[in-house]
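Numbered according to my numbering, the sequence shown spans residues 1 to 297.
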Amino acid sequence: MSTLIFRTTLPTFEYLRPNSLEEALELKAKYGGDAMILAGGTDLLVDIRMGAKKPKYVIDIKGIKEVSELKYVEGKGLEIGSAVTLSEIERSKIVREKFHVLWDAVRRLADFSLRTRATLAGNIANASPASDSAPALLVLGAEVELSSTRGTRKLPIKKFFKWVKQTYMEPDEILTRIFVPEPPKDSKGMYLKFTRITVEDLSVVGIAGLTANLREPEKRIVRLAYASVAPTPILVEEVEEIFKRDRPIKELIREAVEAVKKKTSPITDVRGTAEYRRHLIEFGTAYLLNKLLGVME
C-alpha cells in the first residue's frame, strides 16, 4: 500500500492506495467517516478544494482489479465496477445496444476529458440532485453493491439517495459495484437533458425514459426518472401504473404529465428558476413519452 501526505493547495489529508479490495475495506473500517473514496476524483477533489468535504484520509481504489471490470451476462444484465470510467461505458457496444438509456445519459455527462477519469459509481455516490446517470439507473431498476468488512449488501438505487449529497451508505461501506438488470428485448430508452448553454453543463432538468411490452396494457413498462427537480434524483413510480390502463395513449400521456408535476419540487438556483424548470418538466415529459411511445402530434 502507498501512503502520501498532501500539503498542496488542497487541505492536508493522508493519501492511501491499497492493493486489494480487502485492504481498502479494512482501511474504511478503521477510519470510517474520516476517510473518503477516490476512484475518478472529479467530484471529490473539487469538493475538497472548495472546503465542502474535509477528509483526513483519501483511499484510492483506481488500481484495484476487483472493482475495475465491466461485465455483461446475457439474460441477466450488467455489472459495473466502481472504478470503471464513464468513457469505458460510453465505448461499450453492449451498453449502447442493450442499455441505451444509460449510454445516452453517460455520453451527455460532462466533457470527454472528464469522462475518461470520472466513474459511474462516483457520479451516483456524490448524490447530486443533478446527476445525469442516476435517472437512467433508476428507470433500469439498478442496484448498488455496498461492501464492508461486515459483509456485502445490495440496495435498489431508488432507496440509495437520502437527501442532497447524502446517501444511505454506512461510514464503513464502499460502493463496489452497480448491477443493471437486462431490460426486455423490445425496450426503448432515452435521456433528455436541458442545460443553460451546452450539453456538458449540469442539467437544468434531466429526464430518463424506458418503455417495453407496449402491446399489452397490463404488461406495459413505462418509466420516467428525473434529475434537478427534487433534493435527490427521483423515479416517478405512478407513471408505470398509469400506463397499465387500457385507455388511449394520448390520454395516458396527459395523465402522466400531471402525475409528474405533482411529484417534482424544483427550486430556483443559478441554472434556472423554479418556474422555468416546471415548464421544462411538463414539456420534456410529454415530448419524451411521445417519442418513446411513437405518438405523432
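For each residue, glycine too, the CB sits at the ideal point set by N, CA and C.
Keep in mind that this is a model prediction, so the values were computed, not measured.
For residue i, tell me which candidate among the options has the shortest Cα-Cα distance.
| i | options | result |
| --- | --- | --- |
| Glu-69 | Trp-103, Asp-60, Phe-243, Glu-79 | Glu-79 |
| Arg-96 | Lys-263, Ala-136, Arg-117, Leu-114 | Ala-136 |
| Tyr-57 | Phe-99, Glu-14, Asp-43 | Glu-14 |
| Arg-254 | Leu-289, Asp-246, Tyr-72 | Leu-289 |
| Ala-212 | Glu-251, Val-164, Glu-240 | Glu-240 |
Can you find the residues in the same chain that come closer than 7 Å, C-beta to C-beta, to residue i, ignoring five residues on each side of it along the sequence?
| i | result |
| --- | --- |
| Ser-203 | Ala-130, Asp-132, Lys-193, Phe-194, Thr-195, Ala-227, Ser-228 |
| Leu-210 | Val-101, Val-139, Leu-140, Pro-183, Ser-187, Gly-189, Ile-221, Arg-223 |
| Phe-161 | Ala-127, Thr-167, Thr-232, Pro-233 |
| Glu-26 | Thr-149 |
| Asp-43 | Gly-122, Asn-126 |
Using a 10 Å radius around the Cβ and a threshold of 16 neighbouring Cβ atoms, would you call residue i buried or exposed?
| i | result |
| --- | --- |
| Phe-350 | What is shown of the chain runs 1 to 297, which leaves residue 350 out entirely. |
| Met-36 | buried |
| Phe-6 | Annotation note: pLDDT 48 at Phe-6 (below 50); position unreliable, no value reported. |
| Pro-55 | buried |
| Ile-52 | Before going further, note that residue 52 is Ala rather than Ile in the sequence given. With fewer than 16 Cβ atoms within 10 Å of its Cβ, Ala-52 is classed as exposed. |
| Lys-219 | exposed |
| Thr-273 | exposed |
| Arg-245 | exposed |
| Arg-113 | Looking at the sequence provided, one finds Ser at residue 113 rather than Arg. Exposed. |
Please report the Cβ distance between residue i and residue j, rounded to the nearest whole angstrom; I am assuming they are in contact, meaning their Cβ atoms lie under 8 Å.
| i | j | result |
| --- | --- | --- |
| Ile-281 | Val-199 | 18 Å between Cβ atoms; not a contact. |
| Glu-90 | Arg-107 | 5 Å |
| Leu-86 | Arg-115 | 4 Å |
| Pro-181 | Gly-77 | 4 Å |
Who are the near neighbours of residue i in its chain, counting only those whose CB is closer than 6 Å to its CB and skipping five residues on each side?
| i | result |
| --- | --- |
| Val-236 | Leu-224, Val-260, Lys-263 |
| Ala-31 | Here residue 31 turns out to be Tyr, not Ala, going by the sequence shown. Excluding residues within five positions, the ones whose Cβ falls inside 6 Å are Tyr-57. |
| Arg-277 | Val-205, Pro-266 |
Keeping to the same chain, check which residues put their C-beta closer than 8 Å to that of residue i; ignore five residues upstream and five downstream.
| i | result |
| --- | --- |
| Val-73 | Glu-79 |
| Ile-61 | Pro-18, Leu-21, Ala-24, Ile-37, Leu-38, Ala-39, Val-67, Ser-82, Ala-83, Ile-174 |
Segment contact, 8 Å Cβ cut-off, at least three pairs: the region 160-174 with the region 138-152: yes
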